[in-house]
Amino acid sequence: MRAVIPALVVPVWRTLPWRTLGAAGAAGLLTTGLPRLFGSAPGAWFALGQLRAAALAFALGLAFLLDDPARHGTAPVPTGRGVRIALRVALVAPVAALWWTAALLLVPGPDRPPAGDVTLEAGTACALALAAATLAVRRTDDPYPGRPAATALLVTGVLAPLLVPDRWALFVAPQDPRWAAAHERWAWLLAGAAAVWVLSLGEPPRRRSARPRPGPHGS
Amino acid sequence: MTVTVSASGLGLRYGSTHALDEVSLRLRRGVTGLLGPNGAGKTTLLRVLATAVPADRGAFTVLGHDPATARGRQELRRALGYLPQTPGFHPDFTPFEFVDYVAILKELTDRAARHQEVRRVLAEADLADVRGKRIRKLSGGMRQRVALAAALVGDPGFLVLDEPTVGLDPEQRMRFREVIARAGEDRTVLLSTHQTEDVAMLCHRVLVMAGGRIRFDGTPAELTARAAGRVWSSAGRDVGAKAGWRTGDGGFRNIGDPPEGASLLAPTLEDGYLLTLDGDLAEVTA
Chain A
0 MRAVIPALVV PVWRTLPWRT LGAAGAAGLL TTGLPRLFGS APGAWFALGQ
50 LRAAALAFAL GLAFLLDDPA RHGTAPVPTG RGVRIALRVA LVAPVAALWW
100 TAALLLVPGP DRPPAGDVTL EAGTACALAL AAATLAVRRT DDPYPGRPAA
150 TALLVTGVLA PLLVPDRWAL FVAPQDPRWA AAHERWAWLL AGAAAVWVLS
200 LGEPPRRRSA RPRPGPHGS
Chain B
0 MTVTVSASGL GLRYGSTHAL DEVSLRLRRG VTGLLGPNGA GKTTLLRVLA
50 TAVPADRGAF TVLGHDPATA RGRQELRRAL GYLPQTPGFH PDFTPFEFVD
100 YVAILKELTD RAARHQEVRR VLAEADLADV RGKRIRKLSG GMRQRVALAA
150 ALVGDPGFLV LDEPTVGLDP EQRMRFREVI ARAGEDRTVL LSTHQTEDVA
200 MLCHRVLVMA GGRIRFDGTP AELTARAAGR VWSSAGRDVG AKAGWRTGDG
250 GFRNIGDPPE GASLLAPTLE DGYLLTLDGD LAEVTA
């Protein structure tokens, strides 16, 4: 396996959905950079909203990371699914880190929310996207798990601020006294998403619960 | 001849549907054809044997490897070549790059040896001339051969081919048959198809599936012999026939229990196959 991973780096890099990730990243940077382009200061609350929207945009792009048109043919190979998924994530992680740094720097210093906390939020959004996509890979035969994963993430991202009760509030402002508690919850959410991701990496030994997408002819 | 693939009591349910129902089989070296109507469970059986989907019940081994354990599954996959029903590709890859990618996934890590192996299977699939062309620019038949080359890479002992000749023109089909026949000389090949000609030309043995079960297991000649004395022609549709269809000369070809004095015809593999389906014939001849 040690020799397989280095050999896989270039071909796997080429199979990553760079156009989708690029579009998502560009949308995110545009969201955070637009006020700067017009020479206006966004204000702290607006800047926080911009960064959250940018993180959601990038996470939506990340939901497509495991889309693989060759999935059906490459499923039964000795190199396990977990290794391949982990390699995809490892390849995109530095790009994501650079992108997020750029997004943070586009927000003027005085308006920028605490970088660590808002990075935790962005990381959680990305982890949720990856967990959803990995779960979709595990539970379905769809070579394109990105669409359902992104839809689930978008619906969650839109509905969560509206439906989550106040005592579990996640989307609060830095001056809000609940800021620290909210970020404790973000950390738990991140841990949960990471756990789901790790548990979904393996291949089920026996039973699958979802029906595979039927082929054009067979069953 | 030694049994290379052995399965017993394989079962897989989706809700209340039995995709596989107590399927047992033993395969040996050579090409075995798998016939059956749509929804018979052919693809599911192939996917289970290829370890692309786990079964609910039963057990199987391939070349002595038991996929019930992670180690056994990995060993099995090292010995496996799989061409799925709907092979997909990364369109910006060339055939060489794609097959090379699959070769790495199959743990062929020595670059020089791997490239030599990729060139060998591309030549075997008659793709040497287009190995540097983008896959998105290749015809459907060529793409199908790229998928076959990917299945062949690493010289697997067990080859699982799910409808590999579907959508190919006669010339492409002929080339495909040649490659599969060559592969079957020293491997175990399980070939799912709707084309009885493929089975007649390629297979030393045939399985017929319907409703998730194996309905027939024997040689193509034995399947054909099932229809001996049970195929006849008539001027109009024979209501007593199990199935009948209009032929090019305006008459009807019927299968089932012929009436007295019927004009019997020489049976074909297709006749034997249709008679084997029996209860499922209504769907076939509707």
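Listed in order, the protein sequences are those of chains A and B. What the first sequence shows, in numbering that gives the first Met the number 0, is residues 0 to 218, in sequence order. What the second sequence shows, in numbering that gives the first Met the number 0, is residues 0 to 285, in sequence order. Yeah, the Cβ is synthetic: ideal placement off N, Cα and C, and Gly gets one too. Quantities reported herein were computed from a predicted structural model and do not represent experimental measurements.
Does the distance from the CB of residue i to the CB of residue j come in under 8 Å?
i, j, result
"A49 (chain B)", "V230 (chain B)", "no"
"A149 (chain A)", "L64 (chain A)", "no"
"A23 (chain A)", "A56 (chain A)", "yes"
"G239 (chain B)", "P266 (chain B)", "no"
"V145 (chain B)", "A102 (chain B)", "no"
"T275 (chain B)", "R212 (chain B)", "no"
"A69 (chain A)", "H114 (chain B)", "no"
"A69 (chain B)", "A74 (chain A)", "no"
"A181 (chain A)", "A168 (chain A)", "yes"
"R76 (chain B)", "P77 (chain A)", "yes"
"E120 (chain A)", "W196 (chain A)", "no"
"A157 (chain B)", "L44 (chain B)", "First, the amino acid is wrong: residue 157 (chain B) is Phe here, not Ala. Their beta carbons are not under 8 Å apart, which means F157 (chain B) does not touch L44 (chain B) by this criterion."
"A2 (chain A)", "T108 (chain B)", "yes"
"A192 (chain A)", "T118 (chain A)", "no"
"L24 (chain B)", "L268 (chain B)", "no"
"T19 (chain A)", "A53 (chain A)", "no"
"G81 (chain A)", "L200 (chain A)", "yes"
"N253 (chain B)", "D277 (chain B)", "no"
"D161 (chain B)", "P83 (chain B)", "yes"
"G228 (chain B)", "L263 (chain B)", "yes"
When you compare the CB of residue i with every CB in chain B, is at least one pair closer than 8 Å?
i, result
"P16 (chain A)", "no"
"P147 (chain A)", "no"
"P215 (chain A)", "Low per-residue confidence applies at P215 (chain A): pLDDT is 46, beneath 50, and the placement is therefore not dependable, though the value from the model is reported in the following sentence. Yes, P215 (chain A) lies at the interface with chain B (some Cβ there is under 8 Å from its Cβ)."
"H224 (chain A)", "With chain A running from 0 to 218 in the structure shown, residue 224 (chain A) is simply not present."
"W19 (chain A)", "Trp is not the amino acid found at residue 19 (chain A); the sequence shown has Thr there. It does not; no Cβ of chain B falls within 8 Å."
"R210 (chain A)", "For R210 (chain A), the predicted structure reports a pLDDT of 47, less than 50, and the residue's modelled location is therefore unreliable. The matter cannot be settled from this model."
"A135 (chain A)", "no"
"P203 (chain A)", "yes"
"P144 (chain A)", "no"
"V117 (chain A)", "no"
"G72 (chain A)", "yes"
"A69 (chain A)", "yes"
Could you pull the DSSP bridge partners for residue i from this structure?
i, result
"F59 (chain B)", "B:A6"
"D216 (chain B)", "B:L206"
"A295 (chain B)", "Past the edges of chain B, shown from 0 to 285, lies residue 295 (chain B), and the structure says nothing about it."
"L160 (chain B)", "B:L82 and B:L190"
"H89 (chain B)", "Answer is none; H89 (chain B) lacks a bridge partner."
"S262 (chain B)", "B:S232"
"L24 (chain B)", "B:A6"
"V178 (chain B)", "According to DSSP, which records beta bridges pairwise, V178 (chain B) is partnered with nothing at all."
"G29 (chain B)", "B:T187"
What three-state label does DSSP hand residue i in the structure shown?
i, result
"S15 (chain B)", "coil"
"V198 (chain B)", "helix"
"S81 (chain B)", "One point to set straight first is that residue 81 (chain B) is Tyr, not Ser, in the sequence displayed. Of the three classes helix, strand and coil, the one that applies to Y81 (chain B) here is strand, per DSSP."
"E287 (chain B)", "One cannot answer for residue 287 (chain B) here, as it falls past the ends of chain B, which runs 0 to 285."
"V197 (chain A)", "helix"
"T155 (chain A)", "helix"
"L15 (chain A)", "coil"
"L34 (chain B)", "strand"
"G71 (chain B)", "helix"
Answer yes or no: does any C-beta atom of chain A fall closer than 8 Å to that of residue i?
i, result
"I103 (chain B)", "yes"
"G87 (chain B)", "yes"
"Y272 (chain B)", "no"
"L79 (chain B)", "yes"
"E269 (chain B)", "no"
"D91 (chain B)", "yes"
"P53 (chain B)", "yes"
"A49 (chain B)", "yes"
"R135 (chain B)", "no"
"P163 (chain B)", "no"
"T108 (chain B)", "yes"
"P83 (chain B)", "yes"
"A281 (chain B)", "Confidence is the limiting factor: at A281 (chain B) the pLDDT is only 46, short of 50, which leaves the residue's position unreliable, though a coordinate-based value still follows. No - not a single Cβ of chain A is within 8 Å of the one on A281 (chain B)."
Please tell me whether residue i has its Cβ less than 8 Å away from any Cβ of chain C.
i, result
"T139 (chain A)", "No chain C appears in this structure, whose protein chains are A and B."
Exercise. Counting Cβ pairs closer than 8 Å, one from the stretch 95-115 of chain A and one from the stretch 2-13 of chain B, do we hit at least three?
Worked result: no
Exercise. Given 8 Å as the limit, is there contact between the stretch 32-46 of chain A and the stretch 109-116 of chain A, that is, 3 or more CB pairs closer than that?
Worked result: yes
For this session: Would you check if the stretch 28-35 of chain B and the stretch 188-199 of chain B touch, i.e. whether three or more CB-CB distances between them fall below 8 Å?
Result: yes
Exercise. Would the stretch 11-29 of chain B and the stretch 201-214 of chain B be scored as touching if the rule is three or more Cβ pairs under 8 Å?
Worked result: yes
Exercise. Given 8 Å as the limit, is there contact between the stretch 91-106 of chain B and the stretch 131-141 of chain B, that is, 3 or more CB pairs closer than that?
Worked result: yes
Exercise. Is the stretch 3-14 of chain A in contact with the stretch 131-144 of chain A, if contact means three or more CB pairs nearer than 8 Å?
Worked result: no
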